[in-house]
Amino acid sequence: MKKFLQLVMVCAGVGIVSLSTSCSTKDYDAGPTFPGRDTIKNSMRGDFTANINGVAFKAENKYASDITQGGVRSISISGVMDSYDKDPKNNQTISLYIANYTGPNIYVIQNGVAGSYINMEENVPTTYLAKTGDTVALIQITSDAGNLQGKFNFVVAPNGLGTADNISITDGSFDVPK
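Numbering (numbering that gives the first Met the number 0), first residue to last: 0 to 177.
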């Protein structure tokens, strides 16, 4: 019994010591001087908005990449909007891709420049691709220094073809860390 009481006292002492050293009155500092802060990717940072057939789209999660391989630079930007009830089986995604990226400019949806929209309902994705040859189908990059910033507009259709089930994605804008 004596050994049991000693063990309880040691455990209680360790608990009190660890509690007192883990709690601190010092404020948390995640400012620019925090080591590694500038390299941490956070999908919640930035903005990515659009209208889908006139209904507001505001992405909670944003992703951007700027990659050069074999001397060819390409960028991709995506925004994911959760469903109203945050059900992981339901969400909407808009993605933009530019191969042979040459810097801030207007890129027309055609070979090497693409836009897509995915509507996920009950874990079943319906994928739409931006239609080529449309005069308003474009992605405009206004800045690529630090963040990728720009605008986009296009009409998507199943497989990027046809006139049935078309969806207009308008007034798109983004400012996403890469």
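Ideal Cβ placement from N, Cα and C applies to all residues, glycine included. If you're wondering where the values come from, they're calculated on a predicted model, not measured in any experiment.
**Message:** Please return the same chain residues whose Cβ sits closer than 8 Å to the Cβ of Val154, not counting the five positions on each side in sequence.
**Reply:** Excluding residues within five positions, the ones whose Cβ falls inside 8 Å are Ala129, Lys130, Asp133, Val135, Ala136, Asn165, Ile166, Ser167 and Ile168.
**Request:** Spell out a yes or no on whether the segment 99-106 and the segment 76-87 are touching, meaning 3 or more CB-CB pairs, one atom from each, closer than 8 Å.
**Result:** no
**Item:** First and last residue of the uninterrupted beta strand (DSSP E) at Lys219
**Value:** Given that the chain is displayed from residue 0 to residue 177, the structure contains no residue 219 and the question cannot be resolved.
**Request:** Keeping to the same chain, check which residues put their C-beta closer than 8 Å to that of Asn104; ignore five residues upstream and five downstream.
**Result:** Gln139 and Ile140
**Prompt:** According to the neighbour-count rule (16 or more other Cβ atoms, all chains shown, within 10 Å of its Cβ), is Thr92 buried or exposed?
**Reply:** buried
**Message:** If you measure between the beta carbons of Asp143 and Asp65, is that distance less than 8 Å?
**Reply:** yes
**Prompt:** How is Ala98 classed by DSSP in three states: helix, strand or coil?
**Reply:** coil
**Prompt:** Under a Cβ-count criterion, where at least 16 other Cβ atoms within 10 Å of its own Cβ denotes burial, should Leu95 be classed as buried or exposed?
**Reply:** buried
**Asked** Would a C-beta distance cut-off of 8 Å place Pro176 and Asn152 closer than the cut-off?
**Response** no
**Request:** Could you round the C-beta distance between Met80 and Ala58 to whole angstroms and report it? I think they count as a contact, below 8 Å.
**Result:** 5 Å
**Asked** Under three-state DSSP, which class holds Arg44?
**Response** coil
**Item:** Per-residue DSSP class, three states only, for Val135
**Value:** When DSSP states are grouped into helix, strand and coil, Val135 belongs to the coil group.
**Prompt:** Helix, strand or coil for Leu160 per DSSP?
**Reply:** coil
**Prompt:** How many angstroms separate the CA atom of Met119 from the CA atom of Arg72?
**Reply:** 30 Å
**Request:** Report the partner residues of Ala55 according to the DSSP bridge assignment.
**Result:** Asn50
**Residue environment, Asn110, which counts as buried when at least 16 other CB atoms sit within 10 Å** = exposed
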